[in-house]
Amino acid sequence: MLSPQLVHGPKSVEFEDNFAHFLGENVYATSVSSCTAGLHLTYLHLGLGPGDEVVLPAQTHVATAHTIEVTGARPVFVDCDTTGNIDQQEALSAINHRTKAVCVVHYPGLPVDTQPLRKETQARGIPLIEDCALALGGKVGDVACGLLGDISCFSFYPIKHITTGEGGMVVSTSESVIQSIASLKAFGYDRALGDRQTPGVYDVQELGLNYRMSEISAAIGVVQLQRLNGFLEQREKNTQALRMSLDGRAGFSLLPPGDGANTHANYCVIAVLDEKVSGSRNAVITALRHQGIGTSVYYPVPIPLSKYYRDRYDYREDQFPNAARISRSSVALPVGPHLGEDDMQILAEHFVRVVGEVHG
Ligand SMILES: Cc1ncc(COP(=O)(O)O)c(C=O)c1O
1373 MLSPQLVHGP
1383 KSVEFEDNFA
1393 HFLGENVYAT
1403 SVSSCTAGLH
1413 LTYLHLGLGP
1423 GDEVVLPAQT
1433 HVATAHTIEV
1443 TGARPVFVDC
1453 DTTGNIDQQE
1463 ALSAINHRTK
1473 AVCVVHYPGL
1483 PVDTQPLRKE
1493 TQARGIPLIE
1503 DCALALGGKV
1513 GDVACGLLGD
1523 ISCFSFYPIK
1533 HITTGEGGMV
1543 VSTSESVIQS
1553 IASLKAFGYD
1563 RALGDRQTPG
1573 VYDVQELGLN
1583 YRMSEISAAI
1593 GVVQLQRLNG
1603 FLEQREKNTQ
1613 ALRMSLDGRA
1623 GFSLLPPGDG
1633 ANTHANYCVI
1643 AVLDEKVSGS
1653 RNAVITALRH
1663 QGIGTSVYYP
1673 VPIPLSKYYR
1683 DRYDYREDQF
1693 PNAARISRSS
1703 VALPVGPHLG
1713 EDDMQILAEH
1723 FVRVVGEVHG
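Position one of the sequence shown corresponds to residue 1373 (my numbering), numbered consecutively onward.
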């Protein structure tokens, strides 16, 4: 990296251009400091405030909700269906005159075919936001996750499909949306560093924050992106190997893979334990950990049932039966490209054995 510039320099632009090109034609992207920053900027750009609502899935990371809540708008949670993705019929029913956006999450890399929601949001002139934190590489038909709505946000946190340490990207097919978000991520300055005739002299045109990605992170992103296709291929091989080894085994079921119509981003494979064993979910995770096998939970509580949102909005578990079951009973099994198909064999054997032991 030969540039002396550490922020707002050529590496960010290169990363943004390459990322946009990876997703498709006529796509615009602006790099940000995290997916959370990208979502927050998206809602600032939309001008959300008190009295507004955004419809989103209960089965997600807290960032999907907090970035709405922090604007003063109200996150309106709906349950997922049995795939783990937002129940689109419920989402459609939750839209009303206060709704200023709808957000979908491709969980855990299974693309949401957004057509029903898109038809309704377009008819009402409401933007459809995609939280693509787990979805880089996913597609519906030939259309990449990130281009299935109006504005999308990606995450480059270390365990994601590519990483920049912390980092994210906001994407849209609207150049003006990305220009607006690029201004908001840099204090609302009226001109970027390179556009200033007199160094240090600028005006502030709007209320913005500092959510920029550094050139150091962007340089890592450029190289990571070159490796992305290889990463995705290994994720696909690992997923297939793991699914084959786990197929038909007792005590759990797997959330669905991609099919002919869509490409799963293979963030992880989620096993949902049967009711009989689900009470021992944490014991399963601990036993695997003792064997040196790292797993995780996506996500440990439906967000409306987390303490903050329950206290604030009084949500009840019976409003989110699918999300509650997945949160309570699931184990996320790793398929990242640091692992190979042999590792999948070992992972499957241990998982089946441990579940069998608690199954009795
Ligand atoms: C669905 C989802 N959205 C947003 C985020 C936040 O991403 P970041 O850590 O880049 O802010 C995460 C983090 O895992 C996530 O899973």
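Every residue, glycine too, gets a C-beta built ideally from N, C-alpha and C. These figures come from a predicted structure and were not determined experimentally.
Just how far apart, CA to CA, sit residue i and residue j?
i       : j       : result
Cys1611 : Asp1646 : Correcting the residue identity first, residue 1611 is Thr in this sequence and not Cys. Taking the straight line joining both Cα atoms gives about 21 Å.
Glu1608 : Lys1511 : 13 Å
Leu1464 : Leu1489 : 7 Å
Val1649 : Gly1623 : 7 Å
Glu1441 : Ile1642 : 28 Å
Pro1571 : Asn1582 : 19 Å
Leu1579 : Asp1562 : 11 Å
Glu1721 : Thr1667 : 14 Å
Val1549 : Tyr1529 : 24 Å
Ile1523 : Ser1552 : 12 Å
Pro1709 : Gln1569 : 46 Å
Thinking just about the alpha-carbon of each residue, which of the options is nearest to the one in residue i?
i       : options                               : result
Ile1534 : Gly1593, Val1542, Val1573 and Leu1579 : Gly1593
Val1703 : Arg1725, Pro1676, Val1656 and His1469 : Val1656
Val1673 : Gly1630, Ile1698, Asp1683 and Gly1666 : Ile1698
Cys1504 : Gly1708, Ser1652, Cys1407 and Arg1653 : Cys1407
Pro1693 : Val1669, Leu1597, Leu1420 and Phe1449 : Phe1449
Leu1626 : His1710, Gln1596, Ser1678 and Phe1723 : Phe1723
Met1730 : Gly1539, Asn1654 and Ala1466          : Residue identity check: residue 1730 is Val in the sequence provided, not Met. Here the closest residue by C-alpha is Asn1654.
Cys1394 : Lys1491, Val1515 and Ala1435          : Per the sequence shown, residue 1394 should be read as Phe rather than Cys. Among Lys1491, Val1515 and Ala1435, the Cα nearest to that of Phe1394 is on Val1515.
Phe1526 : Ala1409, Pro1676, Asn1638 and Gln1663 : Ala1409
Ala1445 : Gly1381, Thr1658 and Ala1473          : Ala1473
Ala1696 : Gly1513, Asp1453 and Ser1652          : Asp1453
Gly1560 : Gly1381, Met1716, Gly1708 and Leu1416 : Leu1416
Per DSSP, residue i is paired with what?
i       : result
Leu1626 : Ala1643
Thr1635 : Lys1511
Ile1657 : In DSSP, Ile1657 forms no bridge with anything.
Glu1425 : Arg1446 and Thr1471
Leu1500 : Val1474
Cys1517 : Bridge partners of Cys1517: none, in fact.
Tyr1681 : Looking at the DSSP assignment, Tyr1681 forms no beta bridge with any residue, so it has no partner.
Gly1554 : Here the sequence assigns Ala to residue 1554, which means Gly is not the residue at that position. According to DSSP, which records beta bridges pairwise, Ala1554 is partnered with nothing at all.
Would DSSP call residue i helix, strand or coil?
i       : result
Arg1446 : strand
Glu1462 : helix
Thr1432 : coil
Cys1475 : strand
Asn1745 : Only positions 1373 to 1732 of the chain appear in the structure, and residue 1745 is not among them; the question remains open.
Gly1602 : helix
Phe1526 : strand
Leu1705 : strand
Ala1591 : helix
Ser1405 : coil
Val1379 : strand
Gly1540 : strand
Ser1668 : strand
Val1576 : strand
Looking at ligand 3, does it come within less than 7 Å of residue i, judged from the CB to the closest heavy atom?
i       : result
Tyr1529 : Because ligand 3 does not appear in the structure shown, any question about it cannot be addressed here, the ligands present being ligand 1.
Is any beta-carbon of chain C found at less than 8 Å from that of residue i?
i       : result
Gln1577 : The displayed structure is made up of one protein chain only, and chain C is not part of it.
With contact counted as at least three CB pairs below 8 Å, one residue from each stretch, are the stretch 1400 to 1409 and the stretch 1383 to 1390 in contact? yes
At least 3 beta-carbon pairs within less than 8 Å: the stretch 1419 to 1439 vs the stretch 1541 to 1556: no
For the structure I just gave you, are there three or more beta carbon pairs, one from the stretch 1599 to 1607 and one from the stretch 1447 to 1464, closer than 8 Å? no
Determine contact between the stretch 1478 to 1495 and the stretch 1629 to 1646, defined as no fewer than three beta-carbon pairs at a distance below 8 Å. yes
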